[in-house]
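Participant: For the sequence shown, UniProt numbering gives the first residue as 1, with consecutive numbering after it.
Don't be surprised by glycine CBs; every beta carbon is placed ideally from N, CA and C.
Mind having a look at this structure? Questions to follow.
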Amino acid sequence: MEYFLTTKGLWEAVTTDDAPVADCRKARAIIGLCVTSQHLATIQRSKTAKEAWDSLAAIFKTKGTALKLRLRRDLSSFKMAAGEPLTKYFARAKALQDKLLEYFPDFKEEDIFWPTVQGLPSTYDTILTIIENTADAELTLDSVLPKLMQVEQRQRGPDRPDRSNETALLAKPSFTFRRGPNPTSGSRGPPPRRDERSGRAPDDRRSDDRRPSFPPPTTAAQATPAPTSA
Numbered sequence: 001m002e003y004f005l006t007t008k009g010l011w012e013a014v015t016t017d018d019a020p021v022a023d024c025r026k027a028r029a030i031i032g033l034c035v036t037s038q039h040l041a042t043i044q045r046s047k048t049a050k051e052a053w054d055s056l057a058a059i060f061k062t063k064g065t066a067l068k069l070r071l072r073r074d075l076s077s078f079k080m081a082a083g084e085p086l087t088k089y090f091a092r093a094k095a096l097q098d099k100l101l102e103y104f105p106d107f108k109e110e111d112i113f114w115p116t117v118q119g120l121p122s123t124y125d126t127i128l129t130i131i132e133n134t135a136d137a138e139l140t141l142d143s144v145l146p147k148l149m150q151v152e153q154r155q156r157g158p159d160r161p162d163r164s165n166e167t168a169l170l171a172k173p174s175f176t177f178r179r180g181p182n183p184t185s186g187s188r189g190p191p192p193r194r195d196e197r198s199g200r201a202p203d204d205r206r207s208d209d210r211r212p213s214f215p216p217p218t219t220a221a222q223a224t225p226a227p228t229s230a
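Have a look at this one:
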């Protein structure tokens with residue numbers, strides 16, 4: 001609001017008591033348009049722009065002190081929640097840093113760095129010990145985040161399991177084979193009769209059996225002709 005009043009040439013109306021009446025009214029009206037409805041009563045009770053400005057400054061100073069205490073408390077108890085991703089945790093740390101810089105201009109990067117890394121679970125102790133023992137280590141959130149993400153990745157393992165075998169199996173066509181009747185099954189009737197000479201079933205043919213078929217040999221009794229009667 002200070003910058004806006006300055007661009008309008010009305011900043012002196014809120015800092016001095018002898019500002020022109022017209023400028024005082026304009027500045028007071030601009031202040032009333034910029035604040036929320038809960039502060040309009042304070043503006044209406046003020047007779048000059050300076051009085052309105054001083055009243056609002058006292059209110060925000062009280063709230064600012066309470067906010068500073070709350071931010072300091074949030075910083076001292078800052079820690080990673082269970083199951084919270086590392087990137088989200090560091091985003092919360094940077095948001096808290098921005099708020100602290102708004103109320104504490106001398107707030108340094110290291111002031112947010114140590115509470116953030118100390119709020120990590122014990123699984124990150126190894127990498128943090130290495131950082132602490134490195135003399136020229138850069139103590140910033142952006143510098144330490146990639147190293148910590150490597151630890152997080154090893155803890156979680158691959159994001160997705162390798163399912164290439166499952167995909168290949170699903171892609172294979174399925175075939176249905178129709179089986180013939182089982183000759184030994186009792187539900188299919190008695191087994192077929194076998195040939196007395198070969199001992200094979202009638203349909204038991206062998207592709208490699210190419211022997212020629214000969215008539216059975218004759219016996220001596222069959223070869224001697226029977227005597228004829230005179």
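1) Closer than 8 Å is the cut-off here; do at least three beta carbon pairs connect the region 44-61 with the region 81-97?
2) Exposed or buried, what is alanine 171 when buried is set at 16 or more other beta-carbons lying within 10 Å of its beta-carbon?
3) Using the beta-carbon count (16 or more within 10 Å), is phenylalanine 4 buried or exposed?
4) Any idea what DSSP makes of leucine 128, helix, strand or coil?
5) Only counting the same chain, and skipping five residues up and downstream in sequence, which positions put a Cβ closer than 6 Å to that of residue 258?
6) Tell me whether phenylalanine 113 is buried or exposed, calling it buried when 16 or more other Cβ atoms sit within 10 Å of its Cβ.
7) On the CB-based measure, 16 or more other CB atoms within 10 Å of its CB, does arginine 72 come out buried or exposed?
8) CB of threonine 42 to nearest heavy atom of the ligand ATP: below 7 Å?
9) Around the C-beta of valine 144, are 16 or more other C-beta atoms found within 10 angstroms, so that it is buried, or is it exposed?
10) At which residues does the alpha helix (DSSP H) containing tryptophan 11 begin and terminate?
11) Within 10 angstroms of its Cβ, does tyrosine 103 collect 16 or more other Cβ (buried), or is it exposed?
12) How big is the Cα-Cα spacing for leucine 75 and serine 37?
13) Using the Cβ count rule (16 or more neighbours within 10 Å means buried), how would you classify isoleucine 31?
14) How many Å lie between threonine 140 and glycine 119 at the Cα?
15) When DSSP labels each residue in this structure, what does glutamate 2 get in the three-state scheme?
16) Whose CA, out of Gln44, Ala49, Ala41, lies closest to the CA of residue 235?
17) What whole-angstrom Cβ distance do proline 115 and phenylalanine 60 have, given they're in contact under 8 Å?
18) Expressed to the nearest angstrom, what Euclidean distance is found between the alpha-carbon atoms of valine 117 and glycine 83?
19) Specify, as a first and last residue, the run of the alpha helix (DSSP H) that aspartate 98 falls within.
20) In terms of residue numbering, what span does the alpha helix (DSSP H) encompassing alanine 19 cover?
21) Measure the Cβ-Cβ separation of threonine 123 and glutamine 153 and say whether it is below 8 Å.
22) Would you kindly work out how many angstroms separate the C-alpha atoms of lysine 147 and isoleucine 127, rounded to a whole number?
Facilitator: Looking at the coordinates:
1) no
2) Low confidence applies here, because alanine 171 scores a pLDDT of 41, under 50, leaving its location unreliable; read the following figure in that light. Answer is exposed; the Cβ neighbour count stays below 16.
3) exposed
4) helix
5) In this structure the chain extends from 1 to 230, so residue 258 is not present and cannot be described.
6) buried
7) exposed
8) In terms of ligand content, the structure shown is empty, and the ligand ATP therefore cannot be addressed.
9) buried
10) Counting along the chain, tryptophan 11 falls outside any alpha helix (DSSP H), and DSSP gives it neither H nor E.
11) exposed
12) 32 Å
13) buried
14) 15 Å
15) helix
16) Only positions 1 to 230 of the chain appear in the structure, and residue 235 is not among them; the question remains open.
17) About 27 Å separates the two Cβ atoms, so there is no contact after all.
18) 16 Å
19) 86-103
20) Here alanine 19 belongs to no alpha helix (DSSP H), and DSSP marks it neither H nor E.
21) no
22) 8 Å
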